[in-house]
Each structure stands twice: as C-alpha cells, then as structure tokens.
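Visitor:
Chains as they are written, first to last, in this note's numbering: chain A, 20 to 250; chain B, 383 to 787.
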C-alpha cells in the first residue's frame, strides 16, 4: 500500500521541481537519451540479482532501462570506467578493435609490473609494487581529473572564461579525453596500446602530458578567479 | 570422495589431486582431514606450491602422476628450446622470471613411444593434432627436451608455414638444380638455429662424400659439419644447399655411427598444401611457387620418408599453416590433404586435447601464484569456474583471457 503513495509523492515532487526552476543551471542540459527520465539504471550486482530486490524497494514499480550489450554482471570482465574509456577511444563504431587495444593495454601494464614484482627479492619491495592494472588505470584517471573547468559567459558583450566546479562525470570525461588525445598526438607508427601504456604509467606517477594538461586548466582558472562571481 | 581418498594415498597423483581439491574446494572440517590424511596432507600444507608444481625437473622421469603439474626448465636449456615457442608464451616466461611448462598426457605418450622404439627399424612418424591453441607446439618442445637430455640430435623446424609465404622475401634460383628455388635468409636462420640446438653433438660428424659448390670451391670428404654450417652462413647463396647436405649426411650416417636423430616439424601441412595466391612466395617471373619447388622444403620432405633408420619424426599439423578457406577441421587427413597424407602414411596420430578440469585449475593457480591474475573475483572458486567456462578450457584462450585480469 505504501508504494503507490511513494510514487505519487515523487511524481508530485517532480512536477514541482520541473514547474519552478529552483536553481540556475550552469550547463545547458541536453536530453539525448531515448528513455524517459523516469527510467532507472539496470542492476549489475550479482548478489542483488540472485537475492532479488527487497520488498520496500521502489524499483519494483519503476520502469527499468534495458541493459546494453556491453554491460555485464561479471566482475572479471566488466568495469564501468574501463567501459567508458573503451567507448571514448572508439572510432566509427569499431568496438572490436578498441576492446583489443584495451586488453593489450592492461596486458602491457601487467607485464611491466609483474616482471618487477617477480624479480624483487624482499617482501618489502614487493609490497610497494602495484600489479593490478585496473587500480593503476583508475589511479591514473584520478590523477588527471580537473577540479575546476572554464565556461564561457557573455556579459555586456564581453566573453569571460569563468572558472566553475567540474561535475564528477565531466571530470572523468576530461581526464580520459586528455589521456587519449595525448596518445593520439604521439608518433603514429607506434601501436596505440603501447602509447597508452606509457601515458597511463606516467599519469599514475603524476607525470606526463595528461597531468600537465590538468595543471594548465587549473592555472587558467586560477588566473581568471576574478570572474568567478559571473557564473 | 571421502572413501576413495585413503585408498589412493600412497601415490603422488592423489597427493597432487588432493592438494588441488583442497585449494579449490576447501574441506569443511580441517581437523578431521588432518587426522586421516597424515603424511600426505602435511606435506601439501608445508609446500602450498605442490598443487600445481613438481620438483621433478627432468622430463625423462615424468610419469602420468605428474600430469597437470608445472616443471621448471633450466636457463641453459631454454636457449635450445625457445625457438618456436610462441612469443606470448616467452613474454610470460620473462615476466614470471622462470620458464615453466606443464606436463601433459600427449607429451608423456610421445616420449614413451620414443623411449621404446627400435632404432633399427625405419624412422617412425608421429603426428600431433588438435584444435588451435591446445598445446601441440609445447608438447613438441617437451618431447624435444627429453630427447635433448638423451643425447639425440635435434632437427627442428619451428614453423614450416614461414617458408611458403612472404611478400618481400628474397627468392633465388637454385644453383644445384634448375626449377628449384632457394630461400637464403631462411636457410641461414635455420643453420644458426641447428648449430645452437646441437652444440657439442656435431664435433665428430664428417661428410662422407665430396660436394662441389663452384668451380673453385668444394667440400672434401671429411669436412666437419661446423665448417659446412660456417660456409653456409658466410656464402648465403649456398645456404639452402648446405641444409640439404647436412640433412643428407645425417640420414646416411645415422645408422653407421649409431646416432639418434629427432626430426621435429611444426605445422607440417605447409609442405603439402598450397598457400593462398596473395601472400605466397613468387619467383622472378611473378609465378607462384609450389611448396615442393622450394629447396628447403624439398630437403625436409626427404627427412619424412621412411628410407632411413636411427631416427624418429615428430610432426604437428596446424590450422594456421593452411589458407583461411581450408581450416574447417583439425584432423590430419583434412589438413594434410591427399598428397601429404599419402606421404606421411602410416603414422601414429597423437591427439592433443584441451585442458582437463585439473590442468585448467593448475594453470589458473600457477597464474595466481605468479601474481598474474589480479582480479579478486578471479582468485575465488566461482571466478576460477567462470574462467574455465569462458575459455572452454582451451589453453590459448585461457591465457588470453587471463592476460588482462
């Protein structure tokens, strides 16, 4: 009996929110999804799927998005950041190729680290070597994430670069984009996976082109901080 | 399961199997297990690695009890064995800081045959076949190591497919016989490899007939093999002929000198089946070469014949050596074609299967031990089962899937 009430309230709340814009939106939002905003993401957790949803869960009464082909419940082969990275690297829908590049990228990282690990003689040395390629990748992306970005605001016929806080999704997008672009700039004849390996290992150690790009953006924001009130 | 364990306790096999079972499906009450499993259980606890490793480094002493276990190859033997091992496998060995191979049933079967053959009979032929990536090449290397330790002379062709394809390869008309074509670079490569693989076994081998290269140059009777090889390497024009001379002399002298010659040819079907038009070797008139027209292949085909003794021929047929349109089946009769099958018949076929449950687990545990599988879920029992399911226990697929975890 509680559930219809919940959905009713959320509906009412939704209309109120949509009726009166309470906050001024900084970024123009474009709704590109084929789904109505009421649709929720599918569950990808294996345990939840086997157990089933709890009785009071609102998702019993909500429409769910159909999972796409690149989603998986296997913790072995699926990671959201890696999926995003693979898709961002893709050109003209050639997913098979970028998947292969990602696979080789992780293989390269692992070869580099595991070789060091197996050659290390003491346990102390070993404990300092990070071998997990996903962890290295995530740390590298984390190191490239900008805290601030610029937006263009026109006031009185003058365009200002106004520093604003970056949203988490935007941070992730920027970080990955810079890593990929810095590799695309390098020598063309070297395979992409090798260039990515170097770039990611650099970013993991807080070096490299992508990290410098982040610092540059931060510097611009710092110099434009006088315009911060314009947003 | 509980009833069968005490029965088999004495053997090493059950010890290994038990350790495997213990690691993957931990026994619920450890104290009870310790009480009844006495010595064997204690040993396996002391040495956790024994579930997928064996200390028996001598491949001659491997028995069926060792199947599915890894053994280490010493560094000096790796220089002999590493030609022909797939590059990905070598890279893994480098990263793991040790060279290990798994003992598998077909290799034991093959070395068992080789142990018991009568060398005075015409050279027997063995053909390894199996699906792609099931371990035919590694099986061959295991056997080669056995034979190397027993003092056999190894005539090894790492991948015969290399000799029938190529875009910018140098092809020269043979000086020995018109209508045949030499591959100077490949022949020289084979000569260096042959010299490296048989170090210390070629000193007292001398030629038994005279070979005239040109008007001024000739090899007298009693020239040592070393000199022939050196001549082939310095005068690349004659390197293919040098290969022919060495093979001929080996065949001729095997009986007289009591040599033991192992001929190991990977993807032998490249000798008989024509490679596709686009990538095949062409002569100076842009005419596509038949495999038989290439002097190297012509010489090695003679090694496969049964008209010599004191030797054994181990071949592998692989789908990769065939053109993409001819890869429907993995059986020798399909891959070799009419001509090849007739040339090799009769032979002993040896099927190289994909991993069994035990072998696949052993492989995964080895990867975990070497820190290769990093995913936490991959280290659990469910994860291992998933890996086995996804790779269908095919060794190549398993290694490929584990490469990015």
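Note that CB positions come from ideal geometry on N, CA and C, so glycine has one too.
Here the structure is a predicted model, which is why all the values come from computation and not from measurement.
1. Rounded to the nearest angstrom, what separates residue 439/B and residue 614/B at their Cα positions?
2. Who are the Cβ neighbours of residue 635/B in its own chain at under 8 Å, not counting the five residues just before and after it?
3. Strictly below 9 Å CB to CB, what residues from chain A border residue 478/B?
4. Quick one: is residue 182/A near chain B, going by C-beta distance under 8 Å?
5. For chain A, check one thing: does any of its Cβ atoms lie closer than 8 Å to the Cβ of residue 768/B?
6. Going by DSSP, which residues form a beta bridge with residue 493/B?
7. Any beta carbon from chain B within less than 8 Å of residue 102/A's own beta carbon?
8. Mind listing the chain B neighbours of residue 93/A? Cutoff is C-beta to C-beta under 7 Å, in chain order.
9. How close, in whole Å, do the beta carbons of residue 621/B and residue 566/B come, if the pair is a contact with beta carbons under 8 Å?
10. Look at the Cβ atom of residue 331/B, then the Cβ atom of residue 644/B, and state whether they are nearer than 8 Å.
11. Tell me the rounded alpha-carbon separation between residue 708/B and residue 56/A.
12. Only counting the same chain, and skipping five residues up and downstream in sequence, which positions put a Cβ closer than 6 Å to that of residue 776/B?
13. List in chain order: all unbroken alpha helix (DSSP H) runs of 4+ residues lying wholly within the region 659–715 of chain B.
14. In or out: residue 550/B buried (at least 16 other Cβ within 10 Å) or exposed?
15. So residue 697/B packs on residue 627/B, CB below 8 Å; how close in whole Å?
16. Who are the Cβ neighbours of residue 505/B in its own chain at under 7 Å, not counting the five residues just before and after it?
17. Quick one: grab the DSSP three-state call for residue 484/B.
18. Could you round the C-beta distance between residue 181/A and residue 249/A to whole angstroms and report it? I think they count as a contact, below 8 Å.
19. With burial defined as no fewer than 16 other Cβ atoms inside 10 Å of the residue's Cβ, what is the status of residue 53/A: buried or exposed?
20. Using CA coordinates, which residue listed in 496/B, 445/B, 730/B, 435/B is at the minimum distance from residue 455/B?
21. Roughly how many angstroms separate the alpha carbons of residue 94/A and residue 761/B, rounded to a whole number?
22. Quick one: give me the first and last residue of the beta strand (DSSP E) that residue 453/B is part of.
23. Just the Cα atoms here: how many angstroms apart are residue 175/A and residue 153/A?
24. Can you pull the chain A residues whose beta carbon is under 9 Å from the beta carbon of residue 471/B, in chain order?
25. So what's residue 136/A in DSSP terms, helix, strand or just coil?
26. Tell me whether the beta-carbon of residue 133/A lies closer than 8 Å to the beta-carbon of residue 753/B.
27. For chain B, is any of its Cβ atoms less than 8 Å away from the one on residue 210/A?
28. Give me the Cα-Cα distance between residue 585/B and residue 579/B, rounded to the nearest whole angstrom.
29. Ignore the nearest five residues each way along the sequence and tell me which others in residue 528/B's own chain have a CB closer than 6 Å to its CB.
30. Rounded to whole angstroms, what is the Cα-Cα separation between residue 229/A and residue 201/A?
31. Kindly indicate the opening and closing residues of the beta strand (DSSP E) around residue 180/A.
32. Write down the C-beta distance between residue 554/B and residue 563/B rounded to the nearest angstrom, noting that I regard them as a contact closer than 8 Å.
33. Per DSSP, which residues does residue 564/B bridge with? Please list them.
34. Taking any Cβ of chain B, which residues in the region 159–178 of chain A have a Cβ under 8 Å from it, in chain order?
35. Classify residue 772/B as helix, strand or coil using the three-state DSSP reduction.
36. Would you mind telling me which residues of chain B sit closer than 8 Å to residue 150/A, beta carbon to beta carbon, in chain order?
Guide: Walking through what the data contain:
1. On the second chain, residue 439/B is found 57 positions in, with the first residue counted as 1. On the second chain, residue 614/B is found 232 positions in, with the first residue counted as 1. Roughly 36 Å between the two C-alpha positions.
2. Start at 1 with the first residue of the second chain, and residue 635/B comes out as number 253. Once the five neighbours on either side are set aside, the close Cβ partners of residue 635/B are 587, 590, 641.
3. The residue labelled residue 478/B in the question sits at position 96 within the second chain. At a beta-carbon threshold of 9 Å, the residues of chain A lying near residue 478/B are 133, 134, 137, ordered along the chain.
4. Here residue 182/A refers to the residue found at position 163 of the first chain. Taking Cβ atoms only, chain B never reaches closer than 8 Å to residue 182/A, which makes this a no.
5. Position 386 of the second chain, counted from the start, is the residue given in the question as residue 768/B. Taking Cβ atoms only, chain A reaches closer than 8 Å to residue 768/B, which makes this a yes.
6. For the purposes of this step, residue 493/B is taken as residue 111 along the second chain, with counting starting at 1. Looking at the DSSP output, residue 493/B bridges to nothing.
7. Within the first chain, numbered from 1, the residue matching residue 102/A stands at position 83. Not closer than 8 Å to any Cβ of chain B, the Cβ of residue 102/A fails to qualify, so no.
8. If you number the first chain from 1, residue 93/A lands on position 74. The contacting residues are 768.
9. Residue 621/B sits at position 239 when you count from the first residue of the second chain. Residue 566/B sits at position 184 when you count from the first residue of the second chain. Sure, about 5 Å apart at Cβ, within 8 Å.
10. With chain B represented from 383 up to 787, any question about residue 331/B goes unanswered, as that position is not in the structure.
11. Counting from one through the second chain, the residue named residue 708/B turns up at place 326. Counting from one through the first chain, the residue named residue 56/A turns up at place 37. The C-alpha of residue 56/A is placed about 53 Å away from the C-alpha of residue 708/B.
12. Within the second chain, numbered from 1, the residue matching residue 776/B stands at position 394. 515, 736, listed in sequence order.
13. Complete alpha helix (DSSP H) runs here, min 4: 677–686.
14. Numbered from 1 along the second chain, position 168 holds the residue referred to as residue 550/B. By the neighbour-count rule (16 or more Cβ atoms within 10 Å), residue 550/B is not buried but exposed.
15. Taking the first residue of the second chain as position 1, residue 697/B is located at position 315. Taking the first residue of the second chain as position 1, residue 627/B is located at position 245. About 23 Å separates the two Cβ atoms, so there is no contact after all.
16. For the purposes of this step, residue 505/B is taken as the residue at position 123 of the second chain. Excluding positions up to five away in sequence, the list reads 688, 690, 691, 693, 694, 695.
17. Numbered from its first residue, the second chain carries residue 484/B at position 102. DSSP, read as helix, strand or coil, puts residue 484/B in strand.
18. Stepping through the first chain from its first residue, residue 181/A is reached at position 162. Stepping through the first chain from its first residue, residue 249/A is reached at position 230. The pair is a contact, with the Cβ atoms about 5 Å apart (cut-off 8 Å).
19. Against the first chain, residue 53/A aligns to sequence position 34. Result: exposed.
20. For the purposes of this step, residue 455/B is taken as the residue at position 73 of the second chain. Residue 455/B has its Cα closest to that of 435/B, out of 496/B, 445/B, 730/B, 435/B.
21. The count along the first chain starts at 1 and reaches residue 94/A at position 75. The count along the second chain starts at 1 and reaches residue 761/B at position 379. Straight-line Cα distance between these residues: approximately 11 Å.
22. Within the second chain, residue 453/B is the residue found at index 71, counting from 1. 452–454 is the extent of the beta strand (DSSP E) around residue 453/B.
23. Numbered from 1 along the first chain, position 156 holds the residue referred to as residue 175/A. Numbered from 1 along the first chain, position 134 holds the residue referred to as residue 153/A. C-alpha separation (whole angstroms): 48 Å.
24. For the purposes of this step, residue 471/B is identified with residue 89 of the second chain, where counting begins at 1. Residues of chain A with a Cβ closer than 9 Å to the Cβ of residue 471/B do not exist; the shortest Cβ-Cβ separation is about 13 Å.
25. As a first step, residue 136/A must be located in the first chain, where it is residue number 117. Per DSSP, reduced to three states, the secondary structure at residue 136/A is helical.
26. In the first chain, counting from the first residue as 1, residue 133/A sits at position 114. In the second chain, counting from the first residue as 1, residue 753/B sits at position 371. The Cβ atoms of residue 133/A and residue 753/B sit closer than 8 Å to each other.
27. As a working mapping, residue 210/A is identified with position 191 in the first chain. With respect to chain B, the C-beta atom of residue 210/A has no partner C-beta closer than 8 Å.
28. Residue 585/B sits at position 203 when you count from the first residue of the second chain. Residue 579/B sits at position 197 when you count from the first residue of the second chain. Roughly 13 Å separates the two Cα atoms.
29. In the second chain, residue 528/B corresponds to position 146, counting from 1. Once the five neighbours on either side are set aside, the close Cβ partners of residue 528/B are 441, 442, 493.
30. Position 210 of the first chain, counting from 1, holds the residue named residue 229/A. Position 182 of the first chain, counting from 1, holds the residue named residue 201/A. If I take the Cα positions, the gap works out to 6 Å.
31. The residue given as residue 180/A occupies position 161 in the first chain. Its beta strand (DSSP E) spans residues 177–184.
32. Residue mapping note: residue 554/B aligns to position 172 of the second chain, counting from 1. Residue mapping note: residue 563/B aligns to position 181 of the second chain, counting from 1. Contact holds; Cβ gap of about 7 Å.
33. Your numbering for residue 564/B matches position 182 in the second chain. Looking at the DSSP assignment, residue 564/B forms a beta bridge with 554/B.
34. The region 159–178 of chain A vs chain B, Cβ under 8 Å: nothing.
35. As a position in the second chain, residue 772/B is number 390, starting the count at 1. Secondary structure at residue 772/B: helix, using DSSP grouped into helix, strand and coil.
36. Counting from 1 along the first chain, the entry for residue 150/A is found at position 131. Here the neighbours are 753, 756.
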